[in-house]
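Here's the structure we're looking at; comments come further down.
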Ligand SMILES: C[S@@+](CC[C@H](N)C(=O)[O-])C[C@H]1O[C@@H](n2cnc3c(N)ncnc32)[C@H](O)[C@@H]1O
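In my numbering, the protein residues as written are 6 to 472.
Okay, here's the thing in structure tokens:
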């Protein structure tokens, strides 16, 4: 079928936007032909024609911050068939059984593609169901309670029928099945259970509004590696650091996919260096500045620690890449038009434990944050090469008495020679009938990365320097 299934991260809009951007601009050209809040279905222009395409999928998985797993699709069953085979209430069992037979036939004809060899083998499999939306009742009441046991039983049966010596499958804890809150197995379990081995597999049933895609997982995110960098680095402030996922996603929006080792990236609010650490993992040359000398020292120690961990040589004169300097003077310490990309999270405001008042936030914006962001855009304009990108976070602050407040970042950027690049090209994305799955033009100009109850929310913007 030459289609691949990508399991999206928890911020699925951002994951989808990142994936679409990579498919549009990297060497892995392709298109998202269908999606839900959990999976994206991708058709590549040529990746699948290469003999070692699995290696390419692994590389793609490594580059992407927002993707949990990638699988190869073997079949698709339309949603009417699924709904008839697994209705809310079974009235006519005979009819249901005959439709379920179609699903069994599909599983039977694809079993040898999933496992290659079954005869005389000890087979282990794990079924993962990704619904259209996790909070849909059809998932908790029908898919988990009826479709999942059906799949476990029928796949086991088919393996036996095809000569499998022994067959076992991953059993989800009963309490999650009963409560209807079931998470498919996590990426790190794939390694624990050896599910990339030939006689073992994770079989994904990924739903969209159109139907269910049946895939075998080929590669998955290694969260332990990212967690180690994030948590074991010598210096870290949990309160102010962005997540590894978000750092990698933002780096990808810079659209620097080739010869990364030659691309110079700056974070002018470097803090403890989260962006730069993941930029090193992604092969970039890194530079950082901050007003706080201690932070700059901490970042340098973190960066040296990381090169050591990766068993890579520390670049010569690395200390010259880090300076203690306020944002409004950054262009005095680097050459003009030196950088290929800038990724940064400026100060977002104080750490509020309770919602502040409108007037307090208004003051904060007018007196501190607006001048800070103006200086950031002015300086970044001088430092970036022409047509290169700045990916930046700005705050949305919830107030007690005036709703959510945000700075007019787009205007500040425009006044300083930048053009906004929407995070998602909606021309490239298919239409969905569920309003929760739709993308509107205004919505994709910038995307939010936050929990609903957060007082300060991060909003992600992407800008390009005009000539
Ligand atoms: C939100 S933190 C950045 C955190 C960083 N992304 C990390 O992962 O550690 C903002 C940083 O901006 C720095 N900062 C605040 N005002 C500044 C200014 N005027 N010029 C340069 N840096 C400033 C602070 O010292 C702080 O390290």
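Beta carbons: idealized from backbone N, C-alpha and C, even for Gly.
All values reported here derive from a predicted model rather than from experimental measurement.
Item to check | Same chain, Cβ closer than 8 Å to residue 304, five either side skipped, listed in chain order | outcome: 240, 275, 276, 277, 278, 281, 293, 295, 327
Checklist entry - Since residue 366 is in the alpha helix (DSSP H), which residue starts that stretch and which ends it? => result 363 to 369
Item to check | residue 357 - DSSP class collapsed to helix/strand/coil | outcome: Reduced to three states, the DSSP call for residue 357 is coil.
Checklist entry - Hey, is residue 274 close to ligand 1, as in C-beta under 6 Å from one of its heavy atoms? => result yes
Checklist entry - Are the beta-carbon atoms belonging to residue 451 and residue 465 less than 7 Å from one another? => result yes
Checklist entry - Is residue 331 near ligand 1, judged by its Cβ being under 6 Å from some heavy atom? => result yes
Item to check | Given residue 257 as reference, the closest of 242, 234, 284 once Cα atoms are compared | outcome: 284
Checklist entry - Where does residue 322 sit, in a helix, a strand or coil, going by DSSP? => result Coil at residue 322, not helix or strand.
Next on the checklist: Do residue 382 and residue 417 count as a contact pair if the criterion is CB distance below 7 Å?
Outcome noted: yes
Checklist entry - What's the call for residue 17, buried or exposed, on a 16-neighbour Cβ count within 10 Å? => result Residue 17 should be labelled buried.
Checklist entry - How close, in whole Å, do the beta carbons of residue 76 and residue 222 come, if the pair is a contact with beta carbons under 8 Å? => result 4 Å
Next on the checklist: My assumption, with CB atoms under 8 Å, is that residue 287 sits in contact with residue 254. Please give the rounded CB distance.
Outcome noted: Not quite, the Cβ-Cβ distance comes to about 11 Å (not below 8 Å), so this is no contact.
Checklist entry - Where are the beta strand (DSSP E) runs, 3 residues long or more, that stay fully inside the segment 51 to 96, in chain order? => result 72 to 83
Checklist entry - Relative to the alpha-carbon of residue 145, which residue among 195, 167, 91, 172 has its alpha-carbon at the smallest distance? => result Closest by alpha carbon: 91.
Next on the checklist: When you compare the CB positions of residue 89 and residue 104, do they come within less than 7 Å of one another, or not?
Outcome noted: Cβ distance < 7 Å, so residue 89 and residue 104 count as in contact.
Checklist entry - Along the chain, where does the alpha helix (DSSP H) that runs through residue 334 open and close? => result Taken as a continuous stretch (DSSP letters only), residue 334 belongs to no alpha helix (DSSP H), as it is neither H nor E.
Checklist entry - Is residue 224 closer than 7 Å to residue 395 when the C-beta atoms are compared? => result no
Checklist entry - Quick one: does the C-beta of residue 279 sit closer than 6 Å to a heavy atom of ligand 1? => result yes
Checklist entry - Which two residues bound the contiguous beta strand (DSSP E) that contains residue 437? => result That residue, residue 437, is in no beta strand (DSSP E); it is neither H nor E in DSSP.
Checklist entry - Near residue 439, what residues of its chain come up, given a Cβ to Cβ distance below 8 Å and the 5 sequence neighbours on each side ignored? => result 137, 138, 214
Item to check | Supposed contact pair residue 384 and residue 273 - C-beta distance, whole angstroms, cut 8 Å | outcome: 7 Å
Checklist entry - For residue 461 versus residue 402, is the C-beta distance shorter than 7 Å? => result yes
Checklist entry - Taking just the CA atoms, how far does residue 329 sit from residue 298? => result 5 Å
Next on the checklist: Just to confirm, is the Cβ distance from residue 170 to residue 125 under 7 Å?
Outcome noted: yes
Checklist entry - Mind checking residue 11: buried by the 16 CB within 10 Å criterion, or exposed? => result buried
Checklist entry - According to the Cβ coordinates, are residue 178 and residue 74 closer than 7 Å? => result No.
Checklist entry - Residue range of the beta strand (DSSP E) that residue 207 falls in? => result For residue 207, the enclosing beta strand (DSSP E) begins and ends at 205 to 212.
Checklist entry - Along the chain, where does the alpha helix (DSSP H) that runs through residue 309 open and close? => result Element bounds for residue 309: 298 to 314.
Item to check | Sequence-distant residues of its chain with Cβ nearer than 8 Å to residue 435 (five each side left out) | outcome: 37, 38, 39, 40
Next on the checklist: To the nearest angstrom, how far is the alpha carbon of residue 368 from that of residue 425?
Outcome noted: Straight-line Cα distance between these residues: approximately 26 Å.
Next on the checklist: On the criterion of 16 or more Cβ atoms from any shown chain inside 10 Å, does residue 342 qualify as buried, or is it exposed?
Outcome noted: exposed
Checklist entry - From what residue to what residue does the alpha helix (DSSP H) around residue 201 run? => result First-last for residue 201: undefined, no H or E at that position.
Checklist entry - Ends of the alpha helix (DSSP H) at residue 384? => result 375 to 388
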